[in-house]
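Structure first, then comments.
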Ligand SMILES: [Cu+2]
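Residue numbers (the numbering used here): 1 to 219.
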């Protein structure tokens, strides 16, 4: 091969690499999930979420994900949530995924919520066995961290495609937390739930719309 041909090949390779990087950055910056507002207004509002083992549709059908219910009652593939400031936010999470377990048992205890107690299928629970956690709902800047109990591995009628329905195997986790002043806060899951990724922390665990989101507190 001539030197000119080699140079042309190297240049083409560099251009292709640069195009891929540009595409990655552009899609990272521009793909923002839609905002889902809580139901209700100051001083009390409700958020309803679900977690699924696999989304079931594009762009990542096999990724684990959260979904949020909008005020019209429709499930939306989003983790960008809008809630009122200076309010009590009553959260209901339908957990359709099985347990992965927490690496740090510290997170087995719910924190930053009313009465330091969540209810799991209607029963109050002050601490969850860390091995039973499927995901967590955590807003670090607000001191909120809630472990979510997974569905038993051998449960019948498990959900395979989002949005899951209450006819399918799930646990229902409820808790409430308080918002203060307006702001934008990051929230995320801390369970290494991303099957197939290094240490369980890649892919959906580092993607907005899946296991990461924003809480927009508006006044
Ligand atoms: Cu998770």
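Where is the CB? At the ideal position from N, CA and C, for every residue including glycine.
Residue 49 sits in a strand when the DSSP states are folded into three classes.
In terms of Cβ geometry, residue 185 and residue 210 do not form a close pair [threshold 8 Å]. Taking all protein chains in view, the Cβ of residue 160 is surrounded by fewer than 16 other Cβ atoms within 10 Å, so the residue is classified as exposed. If only uninterrupted beta strand (DSSP E) runs of at least 3 residues are considered, those enclosed by the stretch 49-119 are 65-69, 80-84 and 88-95. Remark: C-beta atoms of residue 38 and residue 47 approach each other more closely than 8 Å.
Selection around ligand 1 by beta-carbon proximity, strictly under 5 Å to any non-hydrogen atom, yields 135, 189, 191, 193 and 211 in chain order.
Scanning its chain for C-beta atoms nearer than 8 Å, with the 5 sequence neighbours on each side dropped, one finds around residue 165 the residues 159, in chain order. Inclusion of residue 97 and residue 134 in the CB contact set at 8 Å is warranted, their separation being smaller than that value.
Residue state for residue 188 is assigned as strand, using DSSP reduced to three classes. In the DSSP annotation of this structure, the continuous segment of the beta strand (DSSP E) that includes residue 177 starts and ends at 171-178. Taking C-beta separations shorter than 8 Å and ignoring five residues to either side along the sequence, the partners of residue 156 in its chain run 169, following chain order. Burial is judged here by how many other beta carbons sit within 10 angstroms of a residue's own beta carbon; residue 57 has fewer than 16 and is exposed. DSSP, reduced to helix, strand and coil, places residue 204 within a helical segment of the structure shown. Membership of residue 214 in the beta strand (DSSP E) is indicated by the continuous run 212-218. Less than 8 Å divides the Cβ of residue 177 from the Cβ of residue 89. The C-beta separation of residue 66 from residue 79 comes to about 5 Å, placing the pair in contact by the 8 Å criterion. In this structure, residue 147 places its C-beta atom within 8 Å of the C-beta atom of residue 136. Around the beta carbon of residue 217, a 10 Å sphere encloses 16 or more other beta carbons of the protein chains shown; the residue is thus reported as buried. Rounded to the nearest whole angstrom, the CA to CA distance from residue 201 to residue 71 is 31 Å.
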